[in-house]
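> Sharing a structure below in structure tokens format, with a few things to ask.
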Amino acid sequence: MATLHMLSHSPFTDGRLGSCLRLLGPQDALLLTGDAVYALQPGSNPRQALELMPDHIALHALAEDLEARAIRDLPTRLQVLDYPAFVDLCCHYDKVNSWL
12 MATLHMLSHS
22 PFTDGRLGSC
32 LRLLGPQDAL
42 LLTGDAVYAL
52 QPGSNPRQAL
62 ELMPDHIALH
72 ALAEDLEARA
82 IRDLPTRLQV
92 LDYPAFVDLC
102 CHYDKVNSWL
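When you line the sequence shown up against our numbering, it's residues 12 to 111, in that order.
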């Protein structure tokens, strides 16, 4: 069952990102929202972990959250989404898991 995993908390405050990365399946995807987009900061350990994810796992982030946090140097594999695309993405997966 394909799952969209949504993270919204900073990767610098707890271990949710690491836990999520360990559980990602081959058909899953990861969506970074809110402070979770800080994981994309160049040179950070979270960014390195995201870059080491297998290529078949899709990586997404909300455009509004990237802009609000001035994160501009993005990995090429990242798909930046607006809100309508976010809704479409949620409908694409069998299950959506929000890491609260």
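No residue lacks a Cβ here, since even glycine has one placed at the ideal position from N, Cα and C. Since we're looking at a predicted model, the values are computed, not measured.
Between Thr24, Leu35 and Phe23, which has its C-alpha nearest methionine 17's C-alpha?
In the sequence shown, the residue the question calls residue 17 occupies position 6. Answer by Cα proximity: Leu35.
> Leucine 77 to histidine 103, Cα distance in whole Å?
On the sequence shown, residue 77 is found 66 positions in, with the first residue counted as 1. On the sequence shown, residue 103 is found 92 positions in, with the first residue counted as 1. Computed Cα separation, rounded: 23 Å.
> Output the residue ranges of the beta strand (DSSP E) runs that lie fully inside the region 23 to 48 and measure 3 residues or longer, sorted by chain position.
Whole beta strand (DSSP E) segments, 3+ residues: 40 to 43.
> Under a three-way DSSP split, which group does glutamine 90 fall into?
In the sequence shown, residue 90 corresponds to position 79, counting from 1. Three-state DSSP puts glutamine 90 in a strand.
> Counting only beta-carbon separations shorter than 8 Å, does proline 57 have a partner in chain C?
The chain inventory of the structure shown lacks chain C, comprising one protein chain alone.
> Over the uninterrupted alpha helix (DSSP H) stretch that includes leucine 61, give me the two end residues.
Against the sequence shown, residue 61 aligns to sequence position 50. Residues 56 to 62.
> So valine 91 and alanine 72 are in contact, right, with Cβ under 8 Å, and what is the actual spacing, rounded?
As a working mapping, residue 91 is identified with position 80 in the sequence shown. As a working mapping, residue 72 is identified with position 61 in the sequence shown. About 6 Å; that satisfies the 8 Å criterion.
> Excluding the 5 residues preceding and the 5 following glutamine 38 in the sequence, name in chain order all residues of the same chain whose CB lies nearer than 7 Å to its CB.
The residue labelled residue 38 in the question sits at position 27 within the sequence shown. Contacts found: Ala13.
> Specify, as a first and last residue, the run of the beta strand (DSSP E) that leucine 70 falls within.
Counting from one through the sequence shown, the residue named residue 70 turns up at place 59. Leucine 70 -> beta strand (DSSP E) spans 69 to 73.
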